[in-house]
Amino acid sequence: DAGITQSPRHKVTETGTPVTLRCHQTENHRYMYWYRQDPGHGLRLIHYSYGVKDTDKGEVSDGYSVSRSKTEDFLLTLESATSSQTSVYFCAISESPVSSGANVLTFGAGSRLTVL
Amino acid sequence: GQSLEQPSEVTAVEGAIVQINCTYQTSGFYGLSWYQQHDGGAPTFLSYNALDGLEETGRFSSFLSRSDSYGYLLLQELQMKDSASYFCAVRENRDDKIIFGKGTRLHILP
Numbered sequence: 281d282a283g284i285t286q287s288p289r290h291k292v293t294e295t296g297t298p299v300t301l302r303c304h305q306t307e308n309h310r311y312m313y314w315y316r317q318d319p320g321h322g323l324r325l326i327h328y329s330y331g332v333k334d335t336d337k338g339e340v341s342d343g344y345s346v347s348r349s350k351t352e353d354f355l356l357t358l359e360s361a362t363s364s365q366t367s368v369y370f371c372a373i374s375e376s377p378v379s380s381g382a383n384v385l386t387f388g389a390g391s392r393l394t395v396l
Numbered sequence: 005g006q007s008l009e010q011p012s013e014v015t016a017v018e019g020a021i022v023q024i025n026c027t028y029q030t031s032g033f034y035g036l037s038w039y040q041q042h043d044g045g046a047p048t049f050l051s052y053n054a055l056d057g058l059e060e061t062g063r064f065s066s067f068l069s070r071s072d073s074y075g076y077l078l079l080q081e082l083q084m085k086d087s088a089s090y091f092c093a094v095r096e097n098r099d100d101k102i103i104f105g106k107g108t109r110l111h112i113l114p
């Protein structure tokens, strides 16, 4: 397995509380991503990072913030969790595209978040 | 807006061939990828197309037509272990923004 770990793997929290999910990689890959997966919606991009301190919004970024202060860590924060943020969150990493342009995402095992 | 459309479910028989289509409408296009996800697991990479044509990797092949904003994944000699969800994904910009379709659930009958 590529060295990518997510923590916590499971979390139950209450509406209005802050939550931070951590993605840690040991591959020194440049690109990191946070997706959420919900039934009927597939994988939706929340935020992504293309380098240290370089981040950008995805499709469903409202209510989420991210930080990447070093190559190996990409943090996803829910400032005030809502029930609509109950989901499975996947982190992914990739190297810079090779000459063919291919970039292969390697996913973490996922973090299941329940907001009551 | 941006969208990737793929069928929600496909059913095929063990040993047969199945094709999963994907049409996309995105602000940019730098390549189409395919991922497989088994229940309870994480997505794993299958195939990638940046240029028009067919790419073959074992029992899996992927096709791209950029002029039609269309691609497909072809699975041959289906096995029961191929029962999974399959996602197409577009690399949308040079900073590697990658967005996914909603996925196609593949059911395989013995």
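So the sequences go chain by chain: A and B.
Going by the working numbering, the first sequence opens with residue 281, and the numbers climb by one from there.
Going by the working numbering, the second sequence opens with residue 5, and the numbers climb by one from there.
Where a beta carbon is used, it is the ideal one built from N, C-alpha and C, also for glycine.
Please read all numbers here as calculations on a predicted model, not as lab measurements.
The beta strand (DSSP E) that contains PHE49 of chain B, what's its start and end? Its beta strand (DSSP E) spans residues 48-53.
Cross-chain neighbours of ASP336 of chain A in chain B, by beta carbon under 8 Å: Within 8 Å Cβ-Cβ: ASP99 and LYS101.
Where GLY255 of chain A and GLN41 of chain B are concerned, what is the direct C-alpha to C-alpha distance, given to the nearest angstrom? No answer is possible for residue 255 of chain A: it lies beyond the span of chain A, which begins at 281 and ends at 396.
Between ALA16 of chain B and chain A, is there a C-beta pair that is closer than 8 Å? Chain A contact via Cβ: absent.
Mind pulling the chain B residues with CB within less than 7 Å of TYR330 of chain A? Taking a Cβ-Cβ threshold of 7 Å, the residues of chain B close to TYR330 of chain A are ASP99 and ASP100, in chain order.
Tell me, which residues are paired with VAL384 of chain A by DSSP? The secondary-structure analysis by DSSP pairs VAL384 of chain A with nothing; it has no beta-bridge partner.
Cross-strand partners of GLN23 of chain B (DSSP beta bridge): Per DSSP, B:LEU78.
Residues of chain A with a CB under 8 Å from the CB of GLY32 of chain B: which are they? Those do not exist, as GLY32 of chain B stays about 13 Å from chain A at its closest Cβ, beyond 8 Å.
Contacts that LEU325 of chain A makes with chain B (C-beta to C-beta distance below 8 Å): Neighbours of LEU325 of chain A in chain B, taken as residues at a C-beta separation under 8 Å, are given in chain order as LYS101, ILE102, ILE103 and PHE104.
Own chain residues within Cβ distance below 7 Å of GLY19 of chain B, not counting five before or after: Answer for GLY19 of chain B: GLU81 and LEU82, listed in chain order.
Is ILE284 of chain A buried or exposed, if buried means 16 or more other CB atoms sit within 10 Å of its CB? Result: buried.
In whole angstroms, what separates the C-alpha of ASN25 of chain B from that of LEU77 of chain B? Roughly 7 Å separates the two Cα atoms.
Could you tell me whether the Cβ of ALA88 of chain B comes closer than 8 Å to any Cβ of chain A? ALA88 of chain B does not count as touching chain A.
Using the Cα positions of THR293 of chain A and GLY45 of chain B, report the straight-line distance between them to the nearest angstrom. The straight-line gap from Cα to Cα measures roughly 23 Å.
Do you know offhand how far TYR311 of chain A's Cα is from ALA93 of chain B's? If I take the Cα positions, the gap works out to 16 Å.
Indicate whether at least one CB of chain A lies closer than 8 Å to the CB of ARG95 of chain B. Interface residue, yes.
Give every residue of the same chain whose Cβ lies closer than 7 Å to the Cβ of THR351 of chain A, excluding the five residues on either side of it in the sequence, and list them in chain order. Cβ neighbours of THR351 of chain A within its own chain (closer than 7 Å, five residues either side excluded): ASN308 and VAL332.
Contact set for ASP56 of chain B: own chain, Cβ-Cβ below 7 Å, skip 5 residues either direction: Cβ neighbours of ASP56 of chain B beyond the five flanking positions: LEU68, SER69 and ARG70.
Could you have a look at ASP86 of chain B and say whether DSSP puts it in helix, strand or coil? It is helical.
Neighbourhood of GLN365 of chain A by C-beta distance below 6 Å, restricted to the same chain and skipping five residues each side: Scanning its chain for C-beta atoms nearer than 6 Å, with the 5 sequence neighbours on each side dropped, one finds around GLN365 of chain A the residues LEU358 and VAL395, in chain order.
Under the three-state DSSP convention, the category GLN305 of chain A falls into: DSSP, read as helix, strand or coil, puts GLN305 of chain A in strand.
To the nearest whole angstrom, what separates the beta carbons of GLN338 of chain A and HIS327 of chain A, a pair I think is in contact under 8 Å? Residue 338 of chain A is actually Gly in this sequence, not Gln. Here GLY338 of chain A really is in contact with HIS327 of chain A; their C-beta atoms are around 6 Å apart, less than 8 Å.
Could you tell me which of A:GLN317, A:GLY296 and A:LEU301 sits nearest to PHE104 of chain B, measuring between CA atoms? Residue A:GLN317 is the option with its Cα nearest to PHE104 of chain B.
Nearest candidate by alpha-carbon position, reference SER391 of chain A, set A:PRO298, A:SER347, A:TYR315 and A:GLN305: Nearest neighbour of SER391 of chain A by Cα position, chosen from A:PRO298, A:SER347, A:TYR315 and A:GLN305, turns out to be A:TYR315.
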